[in-house]
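**Student:**
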Amino acid sequence: MFFGCQTLKVREDGQIKSKAVYVVLGVNIDGFKDVLGIWIGENESFKFCLGVLNDLKNRGLKDVLIFCVDGLTGIKEAIEAAYSGAEIQRCIIHQLRNSFKHVSYKDIK
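Sequence positions in the sequence shown follow full-length UniProt numbering and run 1 to 109.
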């Protein structure tokens, strides 16, 4: 399961505000991908992540083998609370970006 979040600017009550948009993509054993849901929260937080995972659980999602996440605030703790047996893997793109922060630009190429 891929669990990601993007912060977007939205107009609400005539004002521009930042909102966290969570997207969950599931991949079944046959490799079929399905968007399991999109949620909009005030910000990234353990409480909201846990709410998303509990919503998925209440809708019938039982076994998750691997979560691929992008370093969301509180996501690891939320996964451990909702799906204690699942493996948690950091998204490879985010691993690379975090690694490149510590490397000279000329050495990246």
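Even glycine gets a Cβ: it sits at the ideal position worked out from N, Cα and C.
Here the structure is a predicted model, which means the values were calculated and not measured.
#1: Taking the straight line between their C-alpha atoms, what separation do you get for I38 and V10?
#2: Kindly list the residues whose CB is nearer than 6 Å to the CB of E87, restricted to its own chain and excluding five residues on each side of it in sequence; keep chain order.
#3: Determine the burial state of Y83: buried for a count of at least 16 other Cβ atoms within 10 Å of its Cβ, exposed for fewer.
#4: Straight-line CA distance for F2 to H102?
#5: With H, G and I counted as helix, E and B as strand and the rest as coil, what does DSSP make of F32?
#6: Cβ of F32 within 8 Å of Cβ of G41?
#7: So for L25, helix, strand or coil by DSSP?
#8: CA-CA distance, Q89 and I16?
**Tutor:** Answer, in terms of the structure:
#1: Translated into positions along the sequence shown, residue 38 becomes position 38. Translated into positions along the sequence shown, residue 10 becomes position 10. Answer to the nearest angstrom: the Cα atoms are 15 Å apart.
#2: Taking the first residue of the sequence shown as 1, we reach residue 87 at position 87. I66, listed in sequence order.
#3: One-based indexing of the sequence shown puts residue 83 at position 83. Result: buried.
#4: Mapped onto the sequence shown, residue 2 falls at position 2. Mapped onto the sequence shown, residue 102 falls at position 102. Looking at the two C-alpha atoms, the distance is approximately 26 Å.
#5: As a position in the sequence shown, residue 32 is number 32, starting the count at 1. It is coil, neither helix nor strand.
#6: In the sequence shown, residue 32 corresponds to position 32, counting from 1. In the sequence shown, residue 41 corresponds to position 41, counting from 1. Contact: no.
#7: Residue numbering aside, residue 25 sits at position 25 when the sequence shown is read from its first letter. In the structure shown, L25 falls within a strand segment according to DSSP collapsed to helix, strand and coil.
#8: Your numbering for residue 89 matches position 89 in the sequence shown. Your numbering for residue 16 matches position 16 in the sequence shown. Roughly 34 Å between the two C-alpha positions.
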